[in-house]
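Report on the following structure.
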Amino acid sequence: MQSYRLFRRIRPYIELRRPLAAVGYLCALLAVVCSLVQPVLFSYLIDRVLIAGERSRIVPLLTLSMGLAVGYFAASLARAGIFRYLGVRHTLDLRERTLAHLRRIPLSEIERHGPGKYSALLGWDTAALGNFVNHVVVELVIQCFTIAGAVCMIFYMDYRMGVAALGCIAAIVFIPRLFQKPLARYAGQLRAHNEEIGTFLYETIQGSREIRAFGLEQWEARRNDKLYRHLISYSTRETLYRALSGQTGVFAVSAIIVFLYGFGSGQVLSGALSVGLLVAAVQYFYNLLQPLMTMNNLFGDLKQAEVSMERIELFMRIPPEPAALDGPRPEATCGEDAPYIGASGLRVSVDGVELIRGIDFAVRRGQTAAFVGRSGAGKTTLLKTICGLWPVADGRLHLEGRPHEQWTRADLTGKVGFVFQDAFLFAGTLLENIAIGNLSAEENEVYEAACQAGLRELIDGLPQGLHTRLDNQGFLLSGGQRQRVSIARAILKRPDILILDEPTSALDRETEAYVLNALRRLMEGKTTLVSTHKIETIRSADVICVMDGGRIVDSGTYEQLAKQCQLFRDVLAEARSARDPSRSTA
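The opening position of the sequence shown corresponds to residue 1 in UniProt numbering, with each subsequent residue numbered one higher.
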């Protein structure tokens, strides 16, 4: 019943492929029938041939027995292949559903927990549920068929032994209940700890540079030891209770078989049972008790699947971001006098911490707006919110005169191009990495966009040009080259709105000027929002918003802010000092 309830919970997340599953269960049933008929044949062989001396029955009985063995082999092989395929397919179904929801929830939710949590969800949990549907459930069904058939055969041979068989079933089924609560508790703790370790290992690998640079190997070893100490404890206890559940059953089976031989021997001596039927009865008891033991051993897998199902269900209850919701949206309308992009009382918060604190701004179509401020002022968070990557907690945000919550993800990605401060490169060729800006672009268009972003010299110097394969996040490329790839994507996309988060922070002066000129040509007559410390970019902006502590403290043109805003003057002074250290003052 517990397995049935769990199966009902899993069904909405997987494609069952019922016809193929039905064939698999039919093969399993055929294998069970073949195994159940064998003991009867051997009982005839003992009673009619070995004892009664009917030699003419040897060949037919052995031939039929061999035929049943071949049938069992073929049916078992087909069953194994079918359910292996379904196991992989159902695991992939679960991963596709989970990954699809991962792409719908707010990005802040993912960034807060880190990749370890979600890699465990997509890996460990989906595999555990796939194993449950196509191994645990299948084995439970097969063993139930086997038990039912064995009980019927035992009752057919001797009703008193049948009654004893039913008593044995009750005893064996009760055994796992003794260990249910501790096994469930330690399975949950082990799952949670494996998730924590997944996050920790990802952090350890990503932080390899810092660990080596600061000589943190011993510090890392101490962290590992502390973390793994709990893993060893939980894993040992979970395994111990699994073993107790299984081995207690083994002991019970051994005791039952001893009892059966004693009781059966008395029946044979009294003439109520033949030797062949006693041998067959013992085999049927094995066919009865062994499935019960198998079901007991599956109890731990069942508990793991329950824990995984709870985690996936909890994850699937995370509400999607507004841009991911389906349904008709009104057309964008923006009058000539209305701001193209604007905010009023905009607030953004994560876990009760306000990152953007009630800001107002307005950018008209075709303008360039620069957001400036010290590190941590909230510039990147604001740009991510405008791009739909972070959720709006309160206030209003408009794009093209339409409230932000009415924009779908497709609307935003079609209109907006984003150049992140840290470019992420995927495994693949340089051509493929640039082409994600416009997957339908031709190779010559990709090359042109790359050249506009200042990548001509790099491409022409590579042995395979654009078709050069990039390793882990563009391992062989410099930070500036990776950022130029990101800029090339935006150039290739040609969006209506371009959002730039420190787009030239990793570029030298010459390349920076080259790239900015290309971006200016691209965005002529269009709308650009840029977070930057570069004075040249700030000076060329139509409107500048000075941010501090998640607020816009002042806004205006370069000349206006240079006169009226001390924070703006401080930011400019810091930018000049970073560009020319000789200008810094004591």
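Glycine included, C-beta positions come from ideal geometry on N, C-alpha and C. Computed from a prediction, not measured in an experiment: that's the story for all the values here.
Can you list, in chain order, the residues of its chain with a C-beta nearer than 8 Å to that of residue 466? Leave out the 5 residues immediately preceding and following it.
Contacts found: 429, 430, 431, 434, 443, 446, 447, 450 and 459.
May I ask which residues mark the beginning and end of the beta strand (DSSP E) holding residue 355?
Boundaries of the beta strand (DSSP E) harbouring residue 355: 353 to 363, taken from the DSSP string.
Beta strand (DSSP E) segment containing residue 547, residue limits:
That run of the beta strand (DSSP E) goes 543 to 548.
Let's test the definition: count the other Cβ atoms within 10 Å of the Cβ of residue 134 and tell me whether it reaches 16, buried, or not, exposed.
The residue is buried, with at least 16 neighbouring Cβ atoms inside 10 Å.
For residue 528, is the beta carbon positioned less than 7 Å from some heavy atom of the ligand GTP?
Annotation note on the ligand GTP: not contained in the displayed structure, which lists no ligands.
What does a CB cutoff of less than 6 Å around residue 585 pick up in its chain, not counting 5 residues either side in sequence?
Any reading at residue 585 must be qualified, since the residue scores a pLDDT of 43, below 50, and its modelled position is unreliable; the value itself is stated next. Within the same chain, no Cβ atom closer than 6 Å to the Cβ of residue 585 is found once the five residues on either side in sequence are excluded.
Here's the rule I'm using: 16 or more other beta-carbon atoms within 10 Å means buried, otherwise exposed. How should residue 573 be labelled?
Around the beta carbon of residue 573, a 10 Å sphere encloses fewer than 16 other beta carbons of the protein chains shown; the residue is thus reported as exposed.
Scan the region 503 to 574 and note each continuous alpha helix (DSSP H) run of 4 residues or more that stays entirely inside, going in chain order.
Whole alpha helix (DSSP H) segments, 4+ residues: 509 to 522, 535 to 540 and 558 to 564.
Which of the three DSSP states, helix, strand or coil, is assigned to residue 422?
Assignment of residue 422 by DSSP, reduced to helix, strand and coil, places it in the coil class.
Looking only at its chain, what residues have a beta carbon closer than 8 Å to the beta carbon of residue 47, apart from the 5 residues adjacent to it on each side?
Taking residue 47 as the centre and dropping the five residues before and after it, the same chain places the C-beta of 274, 275, 276 and 277 closer than 8 Å to its C-beta, in chain order.
For residue 318, name the three-state secondary structure that DSSP assigns.
Assignment of residue 318 by DSSP, reduced to helix, strand and coil, places it in the coil class.
Touching or not, the region 337 to 348 and the region 393 to 401, by the rule of three or more beta carbon pairs under 8 Å?
Result yes; three or more Cβ-Cβ pairs closer than 8 Å.
Starting from residue 370, trace the beta strand (DSSP E) both ways and give me its first and last residue.
Counting along the chain, the beta strand (DSSP E) containing residue 370 begins and ends at 368 to 372.
If you run the structure through DSSP and keep just helix, strand and coil, what is residue 401?
Looking at residue 401 - three-state DSSP - the assignment turns out to be coil, as it is neither helix nor strand.
Going by the DSSP bridge assignment, what does residue 349 pair with across the sheet?
Answer is 354, bridged to residue 349.
Taking residue 353 and residue 387 to be in contact with their CB atoms under 8 Å, please state how far apart those CB atoms are, rounded to whole angstroms.
So it is not a contact: roughly 21 Å between Cβ atoms.
Roughly how many angstroms lie between the CA atoms of residue 500 and residue 479, to the nearest whole one?
The alpha-carbon atoms of residue 500 and residue 479 are separated by roughly 16 Å.
Tell me the DSSP secondary structure of residue 344 in three-state form.
It is a strand residue.
List the residues that DSSP assigns as beta-bridge partners of residue 262.
Under DSSP, residue 262 forms no beta bridge with any residue.
DSSP three-state call for residue 498: helix, strand or coil?
Looking at residue 498 - three-state DSSP - the assignment turns out to be strand.
Tell me the DSSP secondary structure of residue 107 in three-state form.
Assignment of residue 107 by DSSP, reduced to helix, strand and coil, places it in the helix class.
With 16 other Cβ atoms within 10 Å as the buried cut-off, status of residue 517
By the 10 Å Cβ count, residue 517 comes out exposed.
Do residue 234 and residue 190 have their CB atoms nearer than 8 Å?
It is a contact, given that the beta carbons lie within the stated cut-off.
Considering only their Cβ atoms, is the gap separating residue 308 from residue 129 smaller than 8 Å?
In this structure, residue 129 places its C-beta atom within 8 Å of the C-beta atom of residue 308.
Taking buried to mean at least 16 other C-beta atoms within 10 Å of its own C-beta, is residue 471 buried or exposed?
Label assigned to residue 471: exposed.
Take every Cβ of the region 310 to 321, pair it with every Cβ of the region 104 to 115, and state whether three or more of those distances are shorter than 8 Å.
With a cut-off of 8 Å, the region 104 to 115 and the region 310 to 321 count as touching, because enough Cβ pairs lie within range.
For residue 470: DSSP bridge partner residues
Under DSSP, residue 470 forms a beta bridge with 428.
Mapping the DSSP letters down to three states, classify residue 585 as helix, strand or coil.
Note that residue 585 has pLDDT 43, beneath the 50 cutoff, so the model's placement of it is unreliable and the number below is only indicative. Coil.
Excluding the five sequence neighbours on either side, which residues of its own chain have a C-beta within less than 6 Å of the C-beta of residue 512, listed in chain order?
Around residue 512, the same chain offers 504 as residues with beta carbons nearer than 6 Å, after the five sequence neighbours per side are excluded.
Can you look up residue 18 in the DSSP assignment and give me helix, strand or coil?
In the structure shown, residue 18 adopts helical secondary structure according to DSSP, grouped into three states.
Taking Cβ positions, are residue 183 and residue 295 nearer each other than 8 Å?
No, Cβ-Cβ distance for residue 183 and residue 295 is not below 8 Å.
Residue span of the alpha helix (DSSP H) that contains residue 462, given as start and end:
Annotation for residue 462: no alpha helix (DSSP H) segment contains it, and DSSP assigns it neither H nor E.
For residue 162, the three-state DSSP class (helix, strand or coil):
In the three-state reduction of the DSSP assignment, residue 162 falls in the helix class, which pools H, G and I.
Assigned exposure category for residue 372 - 16 Cβ within 10 Å defines buried:
The C-beta of residue 372 has 16 or more other C-beta atoms within 10 Å across all chains shown, which makes the residue buried.
Can you name the residues that DSSP bridges to residue 396?
Residue 396 is bridged to 344.
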